[in-house]
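Chains as they are written, first to last, in this note's numbering: chain A, 67 to 385; chain B, 67 to 385; chain C, 161 to 797; chain D, 161 to 797. Ideal placement from N, C-alpha and C gives every residue a C-beta, glycine not left out. Since the structure is predicted, the reported quantities are computational estimates derived from the model, not experimental observations. What follows is a single structure, written as structure tokens, with notes after it.
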Amino acid sequence: MIAIKPDFCDIDTSILEYNLEDYASSKARWCSGCGGHTILHNVQKLCKEEQLAPEKTVFVSGIGCSSRFPHYMKTYGFHGLHGRAFPVASGIKFRRPDLHVFVITGDGDCCSIGAGHWVHAIRYNMNMVALLFDNSVYGLTKKQTSPTSPLGTVTNTHPRGSVLPPINPIQATLGLPNVSFVAQSCDWKPAHLYATLQKAYHHPGLSFVRIVQRCPVFMRDVYEPILKDPEAITLLDHEDGILLEEKSKKSFRHIIDHDPSDLIKAREIAEIVKETTPIGLFYQNRTANKYDEYGAHNLGISTENRIEAIENLMDRFAV
Amino acid sequence: MIAIKPDFCDIDTSILEYNLEDYASSKARWCSGCGGHTILHNVQKLCKEEQLAPEKTVFVSGIGCSSRFPHYMKTYGFHGLHGRAFPVASGIKFRRPDLHVFVITGDGDCCSIGAGHWVHAIRYNMNMVALLFDNSVYGLTKKQTSPTSPLGTVTNTHPRGSVLPPINPIQATLGLPNVSFVAQSCDWKPAHLYATLQKAYHHPGLSFVRIVQRCPVFMRDVYEPILKDPEAITLLDHEDGILLEEKSKKSFRHIIDHDPSDLIKAREIAEIVKETTPIGLFYQNRTANKYDEYGAHNLGISTENRIEAIENLMDRFAV
Amino acid sequence: MQMDNSNLETEYSAISTLVKRKEINEGIVEIVSDSGEGAQKCGQSLGAISAKMGNGVWTVEIIPAEIQPPARSKAGASGIRVRMGSGKITNMGDYADLVIALNEQVLFGRIDQHAFKPGTQILIENKWANNDSEEIKSQYSEAINHFKELGYKVTEIPMEEECLKIVRDARKGKNMWVLGLLCNIYDRDLQIASDQIKYVFRKKDDKIIQSNLDLLLAGYAWAEENIQLHFRIPSVKSKDDFVVMNGNEAISLGIMAAGIEVCSMYPITPATSATHAMAEIMESAGGIIHQAEDEIAAIGFAIGASYAGKTAVTITSGPGIALKTEFIGLAAMSEIPLVIVDVQRGGPSTGLPTKVEQGDLLSVLYGAAGDAPKVILAISSIEECFHFMILARKLAETFRIPVFVLSDANLATGVQPFKRPKTNPDWFAPGVDQHPLPDDYKPYDWDPITGISERSIPGQKNGMYTLTGLAHDEFSNVAYDPAINQRASENRSKKLAAIQETLKKPKINGDDKGDLLLVGWGSTRGAIEEAVERARDKGASVSSLHLHFLSPLEPRLKEIFKNFKKVMTVEINYSDNPGTALITEDNRRYAQLAWYLRAQTLVDIDCYSNVYGQPLGPGRILKMLENKLGIKLVEEI
Amino acid sequence: MQMDNSNLETEYSAISTLVKRKEINEGIVEIVSDSGEGAQKCGQSLGAISAKMGNGVWTVEIIPAEIQPPARSKAGASGIRVRMGSGKITNMGDYADLVIALNEQVLFGRIDQHAFKPGTQILIENKWANNDSEEIKSQYSEAINHFKELGYKVTEIPMEEECLKIVRDARKGKNMWVLGLLCNIYDRDLQIASDQIKYVFRKKDDKIIQSNLDLLLAGYAWAEENIQLHFRIPSVKSKDDFVVMNGNEAISLGIMAAGIEVCSMYPITPATSATHAMAEIMESAGGIIHQAEDEIAAIGFAIGASYAGKTAVTITSGPGIALKTEFIGLAAMSEIPLVIVDVQRGGPSTGLPTKVEQGDLLSVLYGAAGDAPKVILAISSIEECFHFMILARKLAETFRIPVFVLSDANLATGVQPFKRPKTNPDWFAPGVDQHPLPDDYKPYDWDPITGISERSIPGQKNGMYTLTGLAHDEFSNVAYDPAINQRASENRSKKLAAIQETLKKPKINGDDKGDLLLVGWGSTRGAIEEAVERARDKGASVSSLHLHFLSPLEPRLKEIFKNFKKVMTVEINYSDNPGTALITEDNRRYAQLAWYLRAQTLVDIDCYSNVYGQPLGPGRILKMLENKLGIKLVEEI
Ligand SMILES: Cc1ncc(C[n+]2csc(CCOP(=O)(O)OP(=O)(O)O)c2C)c(N)n1
Ligand SMILES: Cc1ncc(C[n+]2csc(CCOP(=O)(O)OP(=O)(O)O)c2C)c(N)n1
Ligand code: SF4
Ligand code: SF4
Ligand SMILES: [Mg+2]
Ligand SMILES: [Mg+2]
């Protein structure tokens, strides 16, 4: 996301040196071993590396374990309603191109109650980073089935196992209009996660990043196989994709070369989730329409022009 | 949709001869030239051909011009809330495998306010036919932009032209889990429309049919080019697809052979909408999980068993 | 465009002096037709012309339920009512004095709605009399007889025939011929009329404008010769400038005048047309309309915009309010300034989408779970549609609170002239504050008396906090200590008391003591006050009070009520009729304001309300007063 | 499994006769720990054992806000309160008599919540005294001193040490050792206790069961020798069978007992656990739980299921109710039977998700736009959680109306024994009617008196109609004639009056006249009635009335109120405190039931309410009565 200085309000532009502490708020109240902790750390690192002014940065979330995220950042935060992070974030960004807006959402928050907003947020393609913390379960409410729970997952609402195949958030997103950035990573590959966050941050448009997240309390069985089996993850590699150092690449047994400009191919790869978990950049298009540019196009008109416009309209009704 | 006789209620199964009139209710109050009229006619024809008992047939809709549809059928109808046809229809079908359930929805109803339910209805894959009347506009409320309005469409909410590319309902649906039947037709090709309805009706699972619909009052400019230019429509042809008589096939300049079992290919074809309007069967999978089968699996247990189950549970809390 | 109408002018003056005219101080005209015949354009022009002449005017559209209803059908009646008077006109009135009908069928719907009275003049297109279809012919003649039986004065007029002398397609143009007819009947200034036509067709080419002018003159001339109805409505031309518009247009202007930059909406009747009025112009006024994917997203987006900058507005109607409920709770809880416009329609559920009801008061007051204090304003005139938007924005900003503005379908489409507001920069929201805040800044540093606290806007140094819908303390930290929730709730509630402190005791229309006080809110004001005045002229001891603040309530109401023997609300919403079987004092369900005032004041407030989906006419209210007070108030017709 | 515990038994009897015991008629115990230490399992077992022994019991869980809060933290307090008595126990009581603490930090939260009083016995794990970390050591000793200053009687106990004699990991097992300790202190029957342990661990293997039995005995023995606290709580073992469960479990059983086959929900605290209780068993009872994509879909699905067959239920809490509002309007408008369970939590907005509030009454009553009549029932005990589901289903079906059942977080997690219901087939919904209807069938053939009409279900010949949320007539045809909407609204409203007809004048707890009447609804019943009884014992002239029907209201309330000098509601929701600056009679915002009763009865009803997010204890209410009545009622502590 590139920060543009709006012309309608005066801002102190003196450059400061921000450290990690400048982004860390109260201790994260997630369970020990929760994937949230590593994600939080890497996001804070991103803020520091990019030297984002804390007062210019807003984390918007819904409701869920993951959505507690803003409370753990020392920036502006909006911990809103379940499933509604996208509309709020869009409203924030619409007239504030100068703000760095991040959306934090969970698999229930985004893919279940928030599904309609998800569809349209992709279409609006506003210049924000959206992080889907996908632990394949409803964590905060204590283990109910989520739309991304694998078929047969035993939960409190499906003690005999869930009965429907999971949504593939990557595939679903790739089917939407104006989609401009779709990537996947996981919380236990910090180097890859960080590189993904960076790529997402620099993308002009809505960067949708699904992060496979561990929930040791409720979902050990789901991620442990992936965690243990080095075959289980496939790295999407390309010069225009997520760039890793050679040594960290080494840790991957399966590597597919994938050009992120190829949407058709991206959808093909997104199908392989049944056998393996692909991580990397599926698709990027820098030129898609950005709704926030429309939102900002008439910022800061003068009081005179404003009065004139109103009076002109008033004339139409004059008698 | 195959009707199964439920074992929990007695039904008069005497077979009757139903004529078209048996399905026609009050005169349709749509504008003259509205695509709704031809769709209505072909649906009534389908009911007659399949001899659906009117009392066993339910049309469920949301709100919109299109959603007035149930009022024009002499069957059961549920003209519910804007965007909410899918949840209601799912609830109806869940424990009534014997009913023929049709969902009638509009592009605003399904793709805007109803988008979240649309995503999940595809995933539930219940044995129903869903008809999306896509006129690319909000008709009933008098010409506002819809998510399927082409970029730049001039409407009452976007007098300078809409600013976002439209949703491609076919592509979006093909990206969803458990998708089992996706077809497209248009109101002015009755033979193709009828054949599509028939195919959809006989599909076991949720048949999603997008019907490109004319709204002469508000959207002439959108469909007239397609209507006039014989190049503008491409027929998807395959022995497993929508079967047309040779003579009606003749009327198509562009014909693509497409095997509806090929999902990857289907998505590729769904991209060509920019150049032409493909009609036909994009994808079909008869074996996807059906949530209504789960819903019906324990229908009609005896009072004794019911009491026993409750008493067993009660025992757990006994002191 | 330029055209020479010097000769026109002489022509006008020539004609418009010949006939003798009866002076009346008001006239109610209806023009009823199939939709698409331009009846509304004709009536709006008549209204504008009359307003320009200095008459009081109220026009209201007659809208069918379908986009394109069947022609010549009862349900398809499309048209307009224009009430013109020498004084100020504040409502649609009761019965039409004169009706122009382009076919006979469309009148049946109006008759059901008690729009006419014996003696009403009906000028009807006569072409149906010799239509090719026998069915139509007989329908027509039967109807004409039926109308006469009902006591209407029917005059058959060769509108089609006359128009065809000027234009090839009479459908396009008949409305302007009718306008000419009416201009003659009511002695409208032809110069003003022709200017109006030029304005209405300003985007069309000269030929079209000219033919419409010709039609105007032709209709005028025809009436002069063939019609015995010639009236004059005295008017006082004020030196003030006036504007004429409907309520939704006034709301959209008000939004811009308030300096609101984001209007986030999802289309719904009857609210949408407000955004249509805006859409074209708002961008040049520095704002944008966002059409969201649904009502939930619409308010979420507005809340985001408010949180990050200037107070935004979302606009909807009943079904949309239901969907916004959860977010309204969040706005109240986290004290986000927000303006919510509710253009009420008939409920419950989808109800009567194009018809009026005041059915949302209690649902906006109590909609959200827990205690979610909000301000509720009720608009009672077209002019207020404009000014209340400015007030609402200020209240929302100052008190960090969601502010509801209640309008309804009657105001949305009702047209009335009002003094042209002079745009005042003080109305505009100040620029987004981006100055650093003190190190010890607290996002909810509640003032112990008023509960007010200063908000921080992203971009302000030291202002960082995480807004949350969870119970929270002064720092917006999640509350674990039970005392915090109680304290925070008290502070949010104090803001309402503080706002009430700023309000004056409301003024009473009529004496401030007497037999009966009528209490109203919203669009019924004009009709209630007119009825009260008419009743008082006949010696009834009745007054009325109209409330604009519904949360907080205006002060000292109990004190006011105590001075009347009886107090009752007049509302357009549902209440049980005490006469009905099984309805007792124990279970009677009162109209919404009555209910609310009973709880707050413990005064035994009765109510007169119904859900016919129509604006209340003064006559209906007068009839009710007649029964209540046992005085003859309505002259039989 | 089988195991020989003959020797155990003798052992028990051996021990359990040695000490002298003080007879008390009730005891309140709290077990507080970090989450995951099994405090709740320990307390639930103690409750079950006591219930089996014939004691009255109420247990309520102490739940932290996070899934896994930091260890040894104030906010992390996890545990349970158990109130045992010789008579019936209907609420959590006031101060704990005895507290088992597994660390000292978790007690601070409880202290903030006024859970203890001077003299409260605190038995605390002493291992922290010699922890490796200096910080912890000093935290511990400081806390101990602080507790003593507060007047608590602190006893340090080597729990860890003792448990390690039996198990390798004391974390797993300490809770059962504590159970043994408590069994000794309160003279619980060891045979019943060991059976309870066997039941609790029935899915575990014998080794685990045995070690837990050993821990039980060890704790018991240790207390025998080392603790001077030995009580006896007399009990009368009734011959009736009892069940012990929490309110959500009772609701889930009630749903099945009502023969409801579809429970459509979206997870939300504190409602979800009801569906957890059901999920496992419901399918074998012929029903299914549908977890929808959101609350809107959940109620839409339930409405579809009801429309097509048997009345369905949807269950949620405040934020979910907000989202269901629009569909509730449709259900009322189109007269679809439906049961909506609202397990209320702290609001507004996300509020206090795990805490109790009675904050949804007005929002369910008035939530939807227009007039949408619905039935509202309020549950006041665990037993009613079961029986009201059956009643709700019958009302919904008979009157074709949405029925709300209001529970709350206090009932959801509160555990109480009640007479075991004998499942009665008459409770079940009849099979789905598929018989043909007469040719002249009307879907809304409203009975002129009661407004009731017979619904048709898809599959019924001649029953075809199109249900709609638009205003409609008897045939469900869209209404164009204005009279129809009025008539239909009247008929929908009549149903409430008809239901009230079937209700009796409610019973009063205490004399039916006097100085003060307390009026309550929902989970506060036990506390209110206990307070009233205690006050009356001290000579106060106070009675109480508890309402179960809130829409329609129970009959003849005004008549009842008139017999008391003062009437006030006691509720757990927000109301302005008259003392506060700017709060006047003109603007005071009352508690929700008070508000509603004032409007209906015009009686000047006061209220006592707060939003601390905690169940009301009788002591709090007694203190309030003391102030109101000016009589000494609470003995100082
Ligand atoms: C309107 C509403 N419905 C339901 C809830 C209850 N709720 C809170 S979080 C949550 C789902 C959490 O799952 P997810 O989004 O995957 O987040 P996670 O906790 O797994 O990080 C639900 C159902 C709510 N707070 N609001
Ligand atoms: C909750 C709610 N929001 C908005 C509306 C207003 N409304 C009615 S139909 C409609 C959209 C119609 O568009 P579409 O679904 O494409 O149907 P069409 O009329 O084009 O057939 C809207 C916004 C409503 N009835 N309910
Ligand atoms: S429950 Fe799961 S997701 Fe939630 S904090 Fe704990 S580990 Fe993380
Ligand atoms: S407005 Fe368009 S969609 Fe609606 S009825 Fe008329 S033609 Fe059909
Ligand atoms: Mg999750
Ligand atoms: Mg449409």
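{"Item": "Across the segment 180 to 195 of chain C and the segment 255 to 263 of chain C, are there enough close Cβ pairs to call them in contact, namely three or more that are closer than 8 Å?", "Value": "yes"}
{"Item": "Got a sec? Which residues, its chain only, sit under 6 Å from C/Gly-506 by beta carbon, not counting five neighbours each side?", "Value": "Leu-512, Lys-515, Glu-517, Gly-773"}
{"Item": "With burial defined as no fewer than 16 other Cβ atoms inside 10 Å of the residue's Cβ, what is the status of C/Ser-649: buried or exposed?", "Value": "buried"}
{"Item": "For the structure I just gave you, are there three or more beta carbon pairs, one from the segment 732 to 740 of chain D and one from the segment 762 to 779 of chain D, closer than 8 Å?", "Value": "yes"}
{"Item": "Show which residues of chain D have a CB atom less than 8 Å away from the CB atom of B/Asn-364.", "Value": "Glu-443, Ser-444, Gly-446, Gly-447, Ile-448"}
{"Item": "Step through the CB atoms of chain B and report whether any lies within less than 9 Å of the CB of A/Leu-379.", "Value": "no"}
{"Item": "Going by Cα to Cα distance, which pick from D/Glu-186, D/Ile-668, D/Val-338, D/Ala-482 is closest to D/Leu-283?", "Value": "D/Val-338"}
{"Item": "Rank C/Thr-471, C/Thr-485, C/Gly-447 by C-alpha distance to the C-alpha of A/Ala-375 and give the top, closest one.", "Value": "C/Gly-447"}
{"Item": "What does the alpha-carbon distance come out to for the pair C/Ala-468 and A/Ala-332?", "Value": "36 Å"}
{"Item": "With the cut-off set at 9 Å, would you say D/Val-763 and D/Phe-721 are in Cβ contact?", "Value": "yes"}
{"Item": "Could you list which residues in chain C have their beta carbon closer than 9 Å to that of A/Leu-165, in chain order?", "Value": "Ala-468, Pro-618, Gly-619"}
{"Item": "Can you check which of these residues, C/Cys-202, C/Tyr-346, C/Ala-211, is closest to C/Val-404 by C-alpha distance?", "Value": "C/Ala-211"}
{"Item": "Going by DSSP in three states, C/Ala-383 sits in which element: helix, strand or coil?", "Value": "helix"}
{"Item": "For A/Gly-101, which residues of its own chain have a beta-carbon under 6 Å away from its beta-carbon, when the five flanking residues on both sides are left out?", "Value": "Asp-253, Gln-279, Arg-280"}
{"Item": "Give the straight-line distance between the Cα atoms of D/Gly-207 and D/Arg-392, rounded to the nearest whole angstrom.", "Value": "15 Å"}
{"Item": "Just mark C/Glu-295 as buried or exposed, buried being the case when its beta carbon has 16 or more other beta carbons within 10 Å.", "Value": "exposed"}
{"Item": "For ligand 6, I want to know if B/Asn-201 counts as a neighbour, meaning its beta carbon is within less than 8 Å of at least one of the ligand's heavy atoms.", "Value": "yes"}
{"Item": "Taking the beta strand (DSSP E) that B/Pro-344 falls in, what are its first and last residues?", "Value": "343 to 350"}
{"Item": "Which full runs of the beta strand (DSSP E) of 3+ residues lie inside the segment 655 to 720 of chain C, going along the chain?", "Value": "674 to 681, 702 to 707, 709 to 711"}
{"Item": "Just grab the DSSP bridge partners of D/Lys-313 for me.", "Value": "D/Gln-281"}
{"Item": "Do D/Ser-567 and D/Asn-408 come within 9 Å of each other at the CB atom, strictly closer than that value?", "Value": "yes"}
{"Item": "Return the chain-ordered list of same chain residues with a C-beta closer than 6 Å to the C-beta of A/Val-126, the five sequence neighbours on each side being excluded.", "Value": "Phe-144, Ala-151, Val-154, Ala-155, Val-169"}
{"Item": "Residues in the segment 311 to 328 of chain B with C-beta within 8 Å of chain D's C-beta atoms, listed in sequence order?", "Value": "none"}
{"Item": "DSSP on C/Cys-767, reduced to helix/strand/coil?", "Value": "strand"}
{"Item": "Spell out the partners DSSP gives D/Trp-218 in its beta bridges.", "Value": "D/Arg-243"}
{"Item": "Rounded to whole angstroms, what's the CA-CA distance from B/Thr-141 to B/His-107? Just pull it up for me.", "Value": "14 Å"}
{"Item": "List the residues of chain E that B/His-224 touches, going by C-beta distances under 9 Å, in chain order.", "Value": "Among the protein chains of the structure shown, namely A, B, C and D, there is no chain E."}
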